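I have placed the structure first, in the form of structure tokens, so that the comments after it can refer back to it.
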Amino acid sequence: MLNDKTILITGGTGSFGKQFVKTILARYQPKKVIIYSRDELKQYEMAQTFNAPQMRYFIGDVRDQARLTQAMDGVDYVIHAAALKHVPVAEYNPMECIKTNIYGAENVIHAALAAGVTRVIALSTDKAANPINLYGATKLASDKLFVAANNMVGNRPTTFSVVRYGNVVGSRGSVIPFFKKLLDNGATELPITDARMTRFWITLQEGVDFVIKNFERMHGGEIFVPKIPTATVMALAEVMAPDLPKKIIGIRPGEKLHEVMCPQDDSHLTLEFHDHYVIQPSIAFTSRSDYRLNRLGESGTPVADGFEYSSGTSPDVLDADGLRKLVEIGVKE
């Protein structure tokens, strides 16, 4: 599907962008892969590893619509991964988070429409479902913008969808590298926010594969949610350092005890497929009203009224062996 296509990734020097580039260069023959981000050092460092003839590196900020439009000239597919993602930092710098995560999303949409991009997928987060922190609220607003953008396309070929998932194992700022750094530095205890805290877990490669597959599935307007395992942060810490004491430090500003990816209030819009859920748009599109059959011919069925996909109640809980494998992957990535 990606052969001879031009793909642009906003925030492409991040963990997802690197894994995505590694994957598509190995599996496909893309025409161009454009990394769009604002940090020249990260681009320089990434270019030392990913220097195939198809690679292009564009300095630019998602806050700059004109630069985005220029960068998307001739682009077929866009993955919008750029965001300010650190929950406590967003609480202390709310306007900066809003400028990047909301205004930036709007700029990506207008640039994609102006350039005639075919398909756009925006990366979201479980924190966008029933958000209690600013980061989650901005990502919910972003999700709404990308879904509603399908009513702005007119005669253009562009469609927009969203991919929402949980904690990415091994990504920058995630808990496994954080714990490993503490242990490597001789920590005598590991900090735990709350012993009951649960999270959804997905590897970088699983996240990349899910996005690629959804480029094939999407009609436009869907929020795609993968079925992924959960575990408590305490269980993860026990696997990584079984002999060290754990210190309860309390939940940080804006954190939840459990994360939700399909809210109960959206149960009337949610479809279950064999390995994922789809949250249908709450607004009507002139082009489509039925998402039960995707472009790959996969069939979904409505979930029960009041259904909620939560890390606190999901039956797919990682055991010790599963967590050890997760740690191995997280350390490598």
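Residue numbers 108 to 440, in the working numbering, belong to the letters of the sequence shown in order. Ideal placement from N, C-alpha and C gives every residue a C-beta, glycine not left out. Owing to the predicted nature of the structure, the values given are computational and were not obtained by experimental measurement.
Length of the line joining the Cα atoms of residue i and residue j
i    : j    : result
V315 : Y272 : 11 Å
L311 : I116 : 15 Å
P201 : I209 : 11 Å
G211 : V194 : 18 Å
M325 : V385 : 10 Å
F253 : I216 : 7 Å
M304 : E366 : 9 Å
V424 : V346 : 14 Å
A427 : R163 : 42 Å
G181 : S122 : 25 Å
S268 : T295 : 45 Å
R492 : L132 : Outside the displayed span of the chain (108 to 440) sits residue 492, for which this structure offers no information.
L191 : A197 : 7 Å
D171 : S231 : 21 Å
A159 : R399 : 39 Å
I114 : G261 : 22 Å
L340 : G223 : What sits at residue 340 in the sequence shown is Val, not Leu. Going by the C-alpha atoms only, they are around 43 Å apart.
D372 : Q155 : 47 Å
S389 : D250 : 12 Å
Y184 : D111 : 11 Å
K363 : R134 : 38 Å
H375 : T130 : 35 Å
Range of the contiguous alpha helix (DSSP H) that encloses residue i
i    : result
N321 : L311 to R324
P284 : V282 to D291
A229 : Element bounds for A229: not the alpha helix (DSSP H) but the beta strand (DSSP E), R226 to T232.
A256 : Counting along the chain, A256 falls outside any alpha helix (DSSP H), and DSSP gives it neither H nor E.
M202 : P201 to I205
A222 : G211 to A222
A338 : Unbroken run through A338 is the beta strand (DSSP E), T337 to T339; no alpha helix (DSSP H).
Limits of the beta strand (DSSP E) - the one that residue i falls within
i    : result
I186 : Y184 to H187
V332 : I330 to P333
L297 : L297 to I299
Pick from the options that is closest to residue i, judged by C-alpha positions
i    : options                   : result
V169 : G118, H326 and G181       : G118
D301 : F331, A344, I319 and N292 : A344
G328 : F285, F307, M259 and R134 : M259
A218 : I186, T232, L191 and L241 : I186
P333 : V346, I319 and A294       : I319
D350 : L297, A338 and R134       : L297
A248 : T207, L109 and T266       : T207
K149 : G124, Q172, P160 and Q136 : G124
A178 : Y242, P284 and V140       : V140
T377 : G361, D397 and K363       : D397
E152 : T120, A229, K138 and F165 : T120
A256 : C369, I239, P284 and E213 : E213
G413 : C369, P238 and L241       : C369
Residues that residue i bridges to, as DSSP identifies them
i    : result
A248 : Beta-bridge pairing links A248 to no other residue.
E379 : Y384 and T408
V275 : I309
K363 : None, per the DSSP bridge assignment.
V270 : L230 and F331
I358 : I358 is not bridged to any residue.
S374 : In the DSSP output, where bridge partners are listed per residue, S374 has none listed.
V196 : Answer by DSSP bridge pairing: none, since V196 is not bridged.
**Complete beta strand (DSSP E) runs within the stretch 111 to 193 (minimum length 3 residues, chain order)** = Listed in chain order, the beta strand (DSSP E) runs fully inside the stretch 111 to 193 are 113 to 117, 139 to 144, 162 to 166 and 184 to 187, counting runs of at least 3 residues.
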